[in-house]
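K.L.:
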Ligand SMILES: *Cc1c(COP(=O)(O)O)cnc(C)c1O
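Numbering (the working numbering), first residue to last: 259 to 706.
1. Use the C-beta contact count for residue 530: other C-beta atoms within 10 angstroms, 16 or more gives buried, fewer gives exposed.
2. Considering only DSSP beta bridges, list what residue 709 is partnered with.
3. Let's test the definition: count the other Cβ atoms within 10 Å of the Cβ of residue 395 and tell me whether it reaches 16, buried, or not, exposed.
4. Is it true that the stretch 581 to 589 meets the stretch 381 to 393, where meeting means three or more beta-carbon pairs spaced less than 8 Å apart?
5. Give the range of the alpha helix (DSSP H) segment to which residue 597 is assigned.
6. From residue 343 to residue 698, what does the alpha carbon distance come to, in whole angstroms?
7. Alpha carbon to alpha carbon, what distance is there between residue 504 and residue 542?
8. Assuming residue 486 and residue 513 form a contact by the criterion Cβ under 8 Å, report the distance between their Cβ atoms to the nearest whole angstrom.
9. If we ignore side chains and look at the alpha-carbon of each, how far apart do residue 366 and residue 459 end up?
10. So residue 437 and residue 423 are supposed to be a Cβ contact under 8 Å. How far apart are they, rounded?
11. Give me, in chain order, the residues of the same chain whose beta-carbon lies closer than 6 Å to that of residue 688; leave out the 5 immediate sequence neighbours on both sides.
12. On the criterion of 16 or more Cβ atoms from any shown chain inside 10 Å, does residue 564 qualify as buried, or is it exposed?
13. Go through the stretch 638 to 706 residue by residue and report every complete run of the alpha helix (DSSP H) that reaches 4 residues or more, in order.
14. Between residue 289 and residue 673, what straight-line distance do the alpha-carbon atoms span, to the nearest angstrom?
15. Pull up the distance between the alpha-carbon of residue 704 and that of residue 695, whole angstroms please.
16. Between residue 487 and ligand 1, is the CB less than 7 Å from at least one heavy atom?
17. Measure how close the beta-carbons of residue 411 and residue 430 come, nearest whole angstrom, since I'm counting them as under 8 Å.
18. Compute the Euclidean distance between the alpha carbons of residue 369 and residue 675, then round it to the nearest angstrom.
19. Just the C-alpha distance for residue 330 and residue 404, rounded to the nearest angstrom, thanks.
20. Does the structure place the stretch 435 to 449 close enough to the stretch 466 to 476 that three or more beta carbon pairs sit under 8 Å?
21. Label residue 339 either buried or exposed according to how many other C-beta atoms from any shown protein chain fall within 10 Å of its C-beta, with 16 as the threshold for buried.
22. Going by alpha carbons, who is nearest to residue 453 out of 421, 576, 432, 472?
23. What is the DSSP secondary structure of residue 568, counted as helix, strand or coil?
24. Please classify residue 491 as buried or exposed, where buried requires at least 16 neighbouring CB atoms within 10 angstroms.
25. Using 8 Å for Cβ pairs, my map puts residue 540 next to residue 372. What's the rounded Cβ distance?
26. Check for me: the beta strand (DSSP E) holding residue 376 runs from which residue to which?
27. Out of 523, 489, 468, 364, point me to the one whose CA is closest to residue 374's CA.
28. Can you find a heavy atom of ligand 2 that lies under 7 Å from the Cβ of residue 395?
29. According to DSSP, is residue 436 helix, strand or coil?
30. I'd like to confirm something about residue 561: is its beta-carbon nearer than 7 Å to some heavy atom of ligand 1, or not?
31. Considering only C-alpha positions, which residue in the set 305, 301, 350, 642 is nearest to residue 545?
32. Using a Cβ-based criterion (distance less than 7 Å to any ligand heavy atom), does residue 543 qualify as near ligand 1?
33. Please confirm whether residue 553 and residue 484 have their CB atoms less than 8 Å apart.
34. Are residue 393 and residue 634 closer than 8 Å when you measure CB to CB?
35. Quick one: is the Cβ of residue 453 within less than 7 Å of any heavy atom of ligand 1?
36. Can you check whether the CB of residue 549 is closer than 8 Å to the CB of residue 617?
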């Protein structure tokens, strides 16, 4: 993906002139560099110049599923129905979910995207309503918003948290704003006190996108338990998974009872017959629930290890002047779906691509940035081409949103200067110490 980066950026700039201007103003690492032409210092011991690698330990490997999943699937095969409604696997998954995130109403569903769509539908988000969220996230965060004919409004992010900046969220609140989707990017909890206070003050619904945040804690409380609705993903890349799946949950008596029907064609299965609302089919079947329920037994072990490794990395690089480590509140537990640090562009003689190249040569598991561009920079947003090339809510005059003019300068700068470090639970502390040593070695060499 990194190799395509310059091409995609060029294509993107051609399609959306000026979007990256803000990145340049805030000091893009890609541009301010002199490193491309800088000759290596003769005393260089960087691996990229032929020196010894800083990382010699192995990242390890871990079998993601085994006996526990097999047993659960075997017991499932004794059933004569694999349908979710009153299914034993779905019940078990729900109970285990509630041990992790104690919410009264829980609906299993087919993906994190589905969970988010169910949440916004249950919250009554509809035609022309505005939903404020992060532009640096999986597109699944806003697919449901757009399908509800509502308008995603992207707000800017904290420079080191990569999460919503509550002050910028407040600036973007209008009389049409109905909800905030707080994305806990990488499993680092958002500033939920500030966002909840905003939501309360402006009568907004707070939806937590916990897709990357299984097992995270906000001030000691389980992630997902602070907002009005919580959405989780069980997609293959997430901390725990059944290939594809999701969970949406709520304690709120206004929304919780609606989750089931918005995940299941608009019908309430507790009553007989009839459809009083409209929804698609987002059901999760029993085989997925069986695997997900088994996976949940490993959650604490997985996320405790990731939290330990991510925090260790921060401790070992936080004195490096030119780098901004991943910023986590000391009372929170981040679960590092990945780790991200940022380069201060003027602190180095090289650009990000050279920095990443040098780190990779050292054996560190890094890559530049995260998604290629903020969501509003994607062609479908730039062209407002959501429904057969059209966007009814704009054509009807119910929004003046123009994504080609939308700007979140910090978010753009984050994607330009961020360096992603892969963290997995199979890594040892020794491995992370070596990754930290690689970062130290490379940043010392390239220090301006
Ligand atoms: C993965 C992800 C989603 C979407 O989940 P799917 O299960 O892939 O649909 C939504 N939001 C975030 C932050 C994610 O990482």
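Glycine included, C-beta positions come from ideal geometry on N, C-alpha and C.
Note that this is a predicted model, so its numbers are computed, not measured.
P.N.:
If we stick to the structure as given:
1. To locate residue 530, count along the chain shown from 1; it is residue 272. Burial call: exposed.
2. Nothing about residue 709 can be read from this structure; the chain reaches only from 259 to 706.
3. As a working mapping, residue 395 is identified with position 137 in the chain shown. Under the 10 Å beta carbon count, residue 395 is surrounded by 16 or more other beta carbons and is classified as buried.
4. Because the criterion of three Cβ pairs below 8 Å is not met, the stretch 581 to 589 and the stretch 381 to 393 do not touch.
5. For this step, residue 597 is matched to residue 339 along the chain shown. Annotation for residue 597: no alpha helix (DSSP H) segment contains it, though the beta strand (DSSP E) segment containing it runs 597 to 601.
6. As a first step, residue 343 must be located in the chain shown, where it is residue number 85. As a first step, residue 698 must be located in the chain shown, where it is residue number 440. Separation of residue 343 and residue 698 (C-alpha to C-alpha, rounded to the nearest whole angstrom) is 54 Å.
7. As a working note, residue 542 is residue 284 in the chain shown. As a working note, residue 504 is residue 246 in the chain shown. One Cα belongs to residue 542, the other to residue 504, and the distance between them is close to 8 Å.
8. Indexing the chain shown from 1 puts residue 486 at position 228. Indexing the chain shown from 1 puts residue 513 at position 255. Right, their Cβ atoms sit about 6 Å apart.
9. Here the question's residue 366 lines up with position 108 in the chain shown. Here the question's residue 459 lines up with position 201 in the chain shown. About 31 Å.
10. To locate residue 437, count along the chain shown from 1; it is residue 179. To locate residue 423, count along the chain shown from 1; it is residue 165. Contact doesn't hold; Cβ gap of about 17 Å is too wide.
11. On the chain shown, residue 688 is found 430 positions in, with the first residue counted as 1. Closer than 6 Å at Cβ, skipping near neighbours: 315.
12. Start at 1 with the first residue of the chain shown, and residue 564 comes out as number 306. Label assigned to residue 564: buried.
13. The stretch 638 to 706 contains these whole alpha helix (DSSP H) runs: 650 to 653, 667 to 675, 687 to 704.
14. In the chain shown, the residue the question calls residue 289 occupies position 31. In the chain shown, the residue the question calls residue 673 occupies position 415. Model confidence at residue 289 stands at a pLDDT of 42, short of 50, so the residue's coordinates are unreliable; what they give is reported in the following sentence. About 13 Å.
15. On the chain shown, residue 704 is found 446 positions in, with the first residue counted as 1. On the chain shown, residue 695 is found 437 positions in, with the first residue counted as 1. Spanning the alpha carbons of residue 704 and residue 695 requires a straight line of approximately 14 Å.
16. Against the chain shown, residue 487 aligns to sequence position 229. Answer for residue 487: no, Cβ out of range of ligand 1.
17. Locating residue 411 in the chain shown gives position 153, counting from the first residue. Locating residue 430 in the chain shown gives position 172, counting from the first residue. 5 Å between Cβ atoms; contact.
18. For the purposes of this step, residue 369 is identified with residue 111 of the chain shown, where counting begins at 1. For the purposes of this step, residue 675 is identified with residue 417 of the chain shown, where counting begins at 1. Rounded to the nearest whole angstrom, the C-alpha separation of residue 369 and residue 675 is 30 Å.
19. As a working mapping, residue 330 is identified with position 72 in the chain shown. As a working mapping, residue 404 is identified with position 146 in the chain shown. If you take the alpha carbons of residue 330 and residue 404, they lie about 37 Å apart.
20. Between the stretch 466 to 476 and the stretch 435 to 449, the count of C-beta pairs closer than 8 Å reaches three or more; the two stretches touch.
21. Counting from 1 along the chain shown, the entry for residue 339 is found at position 81. So residue 339 ends up on the exposed side.
22. If you number the chain shown from 1, residue 453 lands on position 195. Among 421, 576, 432, 472, the Cα nearest to that of residue 453 is on 421.
23. What you label residue 568 is simply residue 310 of the chain shown in a count that begins at 1. Three-state DSSP puts residue 568 in a helix.
24. Position 233 of the chain shown, counted from the start, is the residue given in the question as residue 491. Around the beta-carbon of residue 491, 16 or more other beta-carbon atoms lie within 10 Å, marking it buried.
25. Stepping through the chain shown from its first residue, residue 540 is reached at position 282. Stepping through the chain shown from its first residue, residue 372 is reached at position 114. With 8 Å as the limit, residue 540 and residue 372 qualify as a contact, their Cβ atoms being about 4 Å apart.
26. Mapped onto the chain shown, residue 376 falls at position 118. Note, residue 376: premise wrong, no beta strand (DSSP E); alpha helix (DSSP H) at 370 to 380.
27. Within the chain shown, the letter at position 116 stands for residue 374. Out of 523, 489, 468, 364, 489 has the C-alpha closest to the C-alpha of residue 374.
28. For the structure depicted, ligand 2 is absent and the ligand set comprises only ligand 1.
29. Taking the chain shown and counting its residues from 1, one reaches residue 436 at position 178. Correct three-state label for residue 436: strand.
30. In the chain shown, counting from the first residue as 1, residue 561 sits at position 303. No.
31. Counted from its first residue, the chain shown places residue 545 at position 287. Closest option to residue 545, judged by alpha-carbon separation, among 305, 301, 350, 642: 350.
32. Numbered from 1 along the chain shown, position 285 holds the residue referred to as residue 543. In this structure, ligand 1 has no non-hydrogen atom nearer than 7 Å to the beta-carbon of residue 543.
33. Within the chain shown, residue 553 is the residue found at index 295, counting from 1. Within the chain shown, residue 484 is the residue found at index 226, counting from 1. Going by beta carbons, residue 553 and residue 484 fall outside the 8 Å limit.
34. Along the chain shown, one-based indexing puts residue 393 at 135. Along the chain shown, one-based indexing puts residue 634 at 376. Taking 8 Å as the Cβ cut-off, residue 393 and residue 634 qualify as a contacting pair.
35. Taking the first residue of the chain shown as 1, we reach residue 453 at position 195. Residue 453 Cβ: outside cutoff for every heavy atom of ligand 1.
36. For the purposes of this step, residue 617 is taken as residue 359 along the chain shown, with counting starting at 1. For the purposes of this step, residue 549 is taken as residue 291 along the chain shown, with counting starting at 1. In this structure, residue 617 lies away from residue 549, with their beta-carbon atoms at least 8 Å apart.
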